[in-house]
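Residues -19 to -1, 1 to 280 in mature numbering (1 follows the signal peptide of the UniProt record, and there is no 0) are what the sequence shown spells out, letter by letter. Where a beta carbon is used, it is the ideal one built from N, C-alpha and C, also for glycine. Worksheet: the structure to be examined is printed underneath.
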Amino acid sequence: MNKLSLVLYLSLVLVSLRAESELNFEHHVEIIEGEEYIQTPFGLMLKECIQNVPSGTFVEELEDGSIHLTNDEQNFAKKILKSDRCSQRNPTMNLNQWIDNGGYWLPNGLTLRSFEGNYRVPNNPLTTNNQVLYYFIGSQNNDGSGPGLSIIQPVLSYYHGWYFQSWNCCPQGQAIKADAVTGIKPYDTIYGSVTVQNNVANITSTNKAGKSSVLSVAQNGRNFNWIDATLEVYQITACTDFPTDYLEYTNMKVVLSNGQTIQPAWNDDYGKSQCNGKLTIIDPSTIKIQHNLHAQEQQ
């Protein structure tokens, strides 16, 4: 093989690998009543209401209902005009696919400064049936403050492979996600955090190699007063679509707006879940989620 042929061959291999990697975490478009939808951690959303942005992008809602996205390092700027189609179908009005969840209300009068923790990645599911798994810690303004409910979360996702991505749902009905980090393997320990300081909420999703997906969001008067550690699923057709091993959130640390570090008294409102699933609150800094347990282990 001559030098030119070798270069062409390697280029084709790289393109193929890149395409395969992209397919691993870009969900296919579903056509429903003539409309294009894509799966998100907030359910199926209109494709036009989902924004993928470079890592490090800043999200700001403007008074006219538009959203300004900027990233000086990536020379990226985009203005999204207010869309009645997106705002009227805002998925924060109907979130119902959380099957395992530990939640905690922050003390009255205080809000979140930071919530961080490690995720232990479980094994790959035995079957691949286009199922989507979303594991995340995160925070919401559940007190009605600001211009609407906002969810900030570093999301570990499984769709034909694992990837880690920072999400914000859903200002003006728009779901905004920073470029995902890949190269995540079963049993890796990865890191996620949300911080709220100087009127900005920062979401960070970092893989084992130290590469991060980062999204920054203007706080816009929202009081992030509730936190959670969750598993959310879609398109499960068999119990083998779940990992047999566990996802574990460890070293979770919560700091309040007054600088106090607290030990959350997590509440499990969901109980046992499908396919012999169980969320176990081990201690204030550790929560384990597992499915396909033996019946006696689910007790």
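Distance CB(residue i)-CB(residue j) smaller than 7 angstroms
i	j	result
ILE133	GLY119	yes
GLN200	ASN180	yes
CYS258	HIS275	A quick correction: the sequence has Gly, not Cys, at residue 258. Against a cut-off of 7 angstroms, the Cβ pair of HIS275 and GLY258 comes out as no contact.
ASN104	ASP226	yes
GLY202	GLY125	no
CYS150	PHE39	no
LYS269	GLU213	no
ILE217	ASN188	no
ILE80	SER266	no
THR221	THR108	yes
Cβ neighbour criterion (16 or more within 10 Å) applied to residue i
i	result
LEU4	Because the pLDDT at LEU4 is just 40, under 50, the model does not fix this residue reliably, and the value given afterwards should be weighed accordingly. Flag for LEU4 reads exposed.
ARG66	exposed
GLY98	buried
VAL235	buried
ASN232	exposed
ASN110	exposed
ILE171	buried
PRO72	buried
Neighbourhood of residue i by C-beta, 8 angstroms cutoff - its chain only, sequence neighbours within 5 removed
i	result
GLN146	PHE6, PRO135, VAL136, SER138, LYS158, ALA159, ASP160, ALA161, VAL162, SER186, SER194
ASN248	GLY83, GLY84, TYR85
SER197	GLY37, THR38, PHE39, VAL40, VAL181, ALA182, ASN183, ILE184
Expected contact under 8 angstroms - CB spacing of residue i and residue j to nearest Å
i	j	result
GLN20	VAL113	5 angstroms
THR211	SER95	Contact flag wrong, Cβ pair sits at about 18 angstroms.
PRO224	PRO88	35 angstroms between Cβ atoms; not a contact.
Own chain partners of residue i with C-beta closer than 6 angstroms, once the 5 adjacent residues on each side are dropped
i	result
THR92	ASN204, PHE205, ASN206, SER238
GLU54	GLY37
Cβ neighbours of residue i in the same chain (closer than 7 angstroms, five flanking residues each side left out)
i	result
GLY46	LYS63, GLN153
ILE31	ILE19, THR21, ALA156
| query | Could you give the uninterrupted runs of the beta strand (DSSP E) lying entirely in the region 15 to 50, keeping only those of 3 residues or more? | reply | Runs found: 16 to 21, 24 to 27, 31 to 34, 38 to 42.
| field | Start-end ranges of the alpha helix (DSSP H) lying completely within the region 162 to 199, minimum 4 residues | value | Those alpha helix (DSSP H) runs which fall completely within the region 162 to 199 and span 4+ residues do not exist here.
| query | Taking only runs of the beta strand (DSSP E) that begin and end inside the region 139 to 164, which ones reach a length of at least 3 residues, in chain order? | reply | Listed in chain order, the complete beta strand (DSSP E) runs (minimum 3 residues) inside the region 139 to 164 are 143 to 150, 156 to 159.
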